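Notes follow the structure.
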Amino acid sequence: MKRKSKEKSDSNTVTKAAKQDDSKPAFHYSDNKESLYRPPTSEELNSLKETESLFHSSLLHMQINELLAEVCLRKRKKKLEETLHSLNELLMSLPDGDQQDISDLSWLPSNVRIPLPTMPGPVKGKFTFEKPESVNVIGSYQLGTLCKQEINVDIAVQLPKGLIHSKDYLNLRYHYKRGIYLAILASFIKKSKLFKNVAFSCHNGELWKPILLLKPKGQVGEKVTIKVFITLGDGAFKLPRFSPKINNLQYTWFFGQEDTAVLETLDPVSATSHYNTSILTDMLMEKHLHFLYGKIAPHQSLIDAIVLCKIWIHQRRLDEGFQGFSGFHCAMVIAYLLQTHQISQHMSSYQIIRIFWQFLATKDLTTSGVSLVDGNASVDDRMPSITEFHDHFEVVFLDSSGVLNLLANMTETAFRQFQSESRRALDILQHEFVDSFDVLFMKSISLVTRYDNFFLLEDVAVLKNVVKDKQLNSKLLNFSGDWLRVGLTWLEKLLSKALDKRIDMLSIWPITFPEWQIKQEAPLRTQCSIVVGYHLNTDTAHSVLEKGPNADNPEAKTFREFWGEKSELRRFQDGSISEAVVWDCANACEKRKICQKIIKYILHRHGCIDSSKVLFSSEGLDSLLKQNVKLTSSNKKNDQHFEHGTGEEANQAVIRSYESLVKLLRNLDLPLSLHSVQGLSPVLRGTEVFPAVPLSVSDDVEHDNQKRTAVPASTEKCPPWCPANEVLIQLETSGQWPDDLEAIQRIKAAFLLNIANILKKEHRLPAVANTKHVDVFKDGYVFRVKLAHYREMVLLNNCEKTGPTGPILENTGEELERLLVHLPLLSSVIHGIQQQYVSFGGSVRLAKRWISSHMLLACFPEECIELIMAHIYLHPHPYNTPASPTNGFIRFLYLLSTFDWKSNAMILNFNDKLKVADFQEIQSHFTNNRARLPAMFIATSEDKHLSYWTRDNPSSLILHRVAVLAKESYTVLQNQLLHSGSDDDDLKLIFRPSLEDYDVTILLHERFNPRRHQAIDSTKHCSYQLKPSSTISLPVINFDPSRCYFDELKQTFSDVAMFFRDVYGGDKIGVVWKPECFQASQFKVFGSQYRIPTEITDKNNGVENTVVPNIQAILSDFKTIGQGLVKNVEVRNPPV
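Numbering-wise (the working numbering), the sequence shown opens with residue 191 and increments by one.
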């Protein structure tokens, strides 16, 4: 039904708490059943047309309406109204006090402290307490834009006119009287016992403008907070006196007479624009409510649009801190759009918020501010121009008075971030495949998922020293002595200049100041910490060279002064000689830290901030991708640790060797030429956690001439880990291929033998062939070359329907389909993403390392992890695409912990192949067949209905465990990154598995673990030999005793238990008994293994002979099968 518009009322009635009108607008839709069957109204018809023309689907329109129904306060709470009336009666009946001297506050009530810092200069004058001039309800509660999830009711208490004198705007006199008055009010309210809690708080972090927080008693106080603001009367001071170029704080009073030397270097009339703004805000607070009420209150669509804006801003935490863009600012922007006829009251809330985003995304308020001043009103020559505001503020948005900048506290950097979010919101609305409602209004954006890197400045006192050393007294005067805000402004500008084009966005995260009890002193600024985040520009972030101006350019001197000893003259290829800064980096890991080096260097140079106080906690994750490897050679003096950083260089070395092998294979003289060569192993698409390390065959080996393998002479320890990198080759099509499976496989074997012989004879590469593949040893790496033929897969699939035909059929049709179709396709797509996004490989590797560290990689396919990470990079909304491995990994944990796999399918649109019809088809298929589909359903353009990579694993049980672990890991990681130092052990905490949930733990000997150097807490290195070798033998390939033991356990005991292990150097195997297998069952000959007889008494059948698993025998066989490898078997939770 049509909403009822709010009735207009007298401006005095609007805000009087004692005369509140209980009537509120009716809700959108009526609950009356009769109204459901009446003909649609004209408004409803317009709404249907609007849905068809503006929305991608009617679902978004319905979702917005339901959201407004859920969050909007339908009617005023009776108990809250009673509380507000009681508060009004209390405040308006306060007795007058005696005249007191404000230079001595010993006369203040004993149950309260003045909520202000120490005054910088002497204060003189008299103070006589009187009851407030008025008590008014203001803000969103009065305007009708309040969200009931967090009900904050703003009360404006206007100071009595007799308390304020004509010169009180000077030297913090007004602020001091304001603080005293607020303290006395707090004392009276506390004594009245109307509220269960009375506390002070700094509104938006403003040091000299505390407010009072009141929590009502009973159920109302659980969600409701009443905020008491002290305001001034409209004509308390003359508005032109607060022009941004006017000074209202005397330097000598503020800093004392001893700073006369510094005073001579300053502008004698240094403006105090921010100080002036703080007074103006209190003077015009109630006037702003009347302005908004007149423009917005009569129109429900405008109110709804403001609510939507508030939700969108709050979900992105853009409304917090000094520079927050609050719901009040949203209302003012919408009022401006209405006043300038960019929107109309007849538009829907959806249309209005789109124009709201469009305005903020395109209008640059840092260079061309806007004003709410009525163009038809007479202009006062004493009023400042917008140009004057731009001279003193970074962002300009003037109110209707023309003298107050509503965005005075917002910096250019904060506004750029707000613009970026607005542009992203418009992009999301235009994206047909994104659930725009969920992304824009329902998803809360955490700070750690928003930025690629961030650092913690835990000791903020260093900024106080910077402000003092840099002699920023004029700015300190402008901010009324708030050194923290001055220091943050200095920090923001310094970092923006230093990082420049290396970053796309920089943000100092909102600082929240705690409330404090009225008996306590105001908390010190040094009790907070600062977190700075930035989003990298992947094109320039990792550049080792910072090129400056030409040597003969006047700007070269400024460049040298900024960079100091790091700046040097360099000649470039174009012949120019320029200033430049070079950052020495040995590998990709160090290149990722260039921004960190710049930040630490520049803060130390310009702020004398020791680098140990700048904490980059994300550094700890890099250590998880490093291998503790030592290379040995024939000359022991050349022994060195393998400096491959976090694996990028090792990965590139494997790929270079692979590309060289591909050239050799394509040039081989074979009866049929190669049609394609495809790398299948994760290392060849950049997603292997620990890429292979080059090695050579040791002299201390025995050569198996039959298998052409170098077997260690001693069995005291394992041979070094040597993985086989799989390569798939396909021959060109030919009509000579037979239709007989056995013949095809014999031809394949002949080709493989021929390839091995040519590689050995013509290229002198060790190569060993068998019926399945050829193992080639090149550049210290082993490549396993497989040959597949498409016709063979088709014949095998047909053969499996009629049964096996002979022992020569070593592959199944499903295996060949995976090898020929699915794995090459996945490798191509993932490799393409890796080439497009530099950080993708590192993010996948961290994700795999985390899954494996919790011993779940055997149940959670690697390919599945790669697809999930591909979804994060290809569909990053509401974020930017991750530009660092740390950020990608954090989003991986967040997605796993929040994604609803039961109700939603994950759809990956590779290369934009999927269209709207395809999305609808996938969603319909998923919904109709959910019970038969895998627990984790991932659809792509080539796999719409099967979810090939997740059809077997993970199970719903494993998926639930992964989600729980991801949620806990995300919470721990978030706390450690934001609140702790750079300690690797802290971040490793989320990679250490909990063994409490395992029934049995099998401990393995470390010396038989060839991958022990890859373990999370590994302290021992692994030695690899690097020296020329003339042997034709290959090293031992893919030999991991713990994996062999693990596979045998699964094969033997899979009917009674589940087994888990960490692939990367884990020395434990976790065992979980299957509860259903321990129920007594009837004896069966084919199911009697590991069973013992038992008796069960049944009321009807008497004693029954049944069998149950023999736990002791199973545990004994755990040791027997792993004899020499198993150190101990620990029983933690015996089966019930």
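Positions of the beta carbon are idealized from the N, C-alpha and C atoms, including for glycine.
These numbers were taken from a predicted model, which means no experiment stands behind them.
| Check | Outcome |
| --- | --- |
| For MET1059, the nearest candidate out of ALA1073, ALA1048, LEU1046 and ASP625 (CA to CA) | ALA1073 |
| Helix, strand or coil at GLN609 according to DSSP, with G and I counted as helix | helix |
| ILE304, DSSP secondary structure in three states | coil |
| Alpha-carbon spacing of LEU1224 relative to ASN915, whole angstroms | 14 angstroms |
| Best match in ILE354, SER300 and SER293 for proximity to PHE319 [C-alpha to C-alpha] | ILE354 |
| Collapsed DSSP secondary structure at PHE319 in the structure displayed | coil |
| Given ARG1346 as reference, the closest of ARG795, GLY1260 and GLN1272 once Cα atoms are compared | Nothing about residue 1346 can be read from this structure; the chain reaches only from 191 to 1326. |
| Residues sharing a beta bridge with TYR724, DSSP | ASN643 and LEU696 |
| Collapsed DSSP secondary structure at GLY970 in the structure displayed | coil |
| For LEU429, three-class secondary structure by DSSP | helix |
| Whole-Å CB distance - ILE1304 paired with VAL1246, under 8 angstroms assumed | 7 angstroms |
| C-alpha gap between ILE470 and LYS321, whole angstroms | Sequence inspection shows Leu at residue 470; the Ile mentioned does not correspond to that position. For LEU470 and LYS321, the distance between alpha carbons rounds to 22 angstroms. |
| Where THR702 falls, given that 16 or more other Cβ within 10 Å makes a residue buried | exposed |
| Contact under 8 angstroms by Cβ, LYS803 with GLU648 | yes |
| Per-residue DSSP class, three states only, for SER199 | Confidence is the limiting factor: at SER199 the pLDDT is only 40, short of 50, which leaves the residue's position unreliable, though a coordinate-based value still follows. Looking at SER199 - three-state DSSP - the assignment turns out to be coil, as it is neither helix nor strand. |
| For GLY677 and ARG640, the rounded distance between their alpha carbons | 24 angstroms |
| Bounding residues of the beta strand (DSSP E) (the contiguous stretch that carries ALA770) | 767-772 |
| When PRO1283, HIS464, ARG981 and GLU878 are compared against ARG675, the one with the closest alpha-carbon | HIS464 |
| Identified DSSP bridge partners for LEU404 | VAL388 and ILE416 |
| Of the residues PHE1236, SER293 and ASN326, the one placed nearest ILE420, counting alpha carbons only | ASN326 |
| Where LYS691 sits in the DSSP three-state scheme | helix |
| C-beta contact flag for LEU333 and ILE486 at 8 angstroms | yes |
| First and last residue of the uninterrupted beta strand (DSSP E) at ARG761 | 757-761 |
| For SER847, the nearest candidate out of ILE542, VAL972 and SER534 (CA to CA) | VAL972 |
| Proximity to LEU1086 [Cα-Cα], best of CYS1054, TYR483 and ILE1112 | CYS1054 |
| Residue nearest to HIS383 in terms of C-alpha spacing, selected from ARG368, LEU404 and LEU1104 | The residue you asked about is not His; residue 383 is Lys in the sequence shown. The shortest Cα separation from LYS383 among ARG368, LEU404 and LEU1104 belongs to LEU404. |
| Short CB-CB distance (under 8 angstroms) between PRO307 and chain C | In the structure shown, chain C cannot be found, because there is only a single protein chain. |
| Endpoints, the alpha helix (DSSP H) within which HIS796 is located | 784-797 |
| Opposing strand residues paired with ALA346 [DSSP bridges] | ASN326 and PHE419 |
| Inter-stretch contact at 8 angstroms, needing at least 3 Cβ pairs: the segment 615-628 / the segment 1060-1068 | yes |
| At least three beta-carbon pairs within less than 8 angstroms, the segment 850-864 to the segment 959-970 | yes |
| GLN661 in three-state terms, based on DSSP | coil |
| Proximity winner among LEU528, CYS520 and PRO909, relative to PRO488 (alpha-carbon distances) | LEU528 |
| Closest residue to LEU439 among LYS691, GLY671 and ILE292 (Cα-Cα distance) | GLY671 |
| Buried or exposed (CB count within 10 angstroms, at least 16 for buried), GLU1004 | exposed |
| Through-space distance from ALA1270 to ASN1295, alpha-carbon basis | 9 angstroms |
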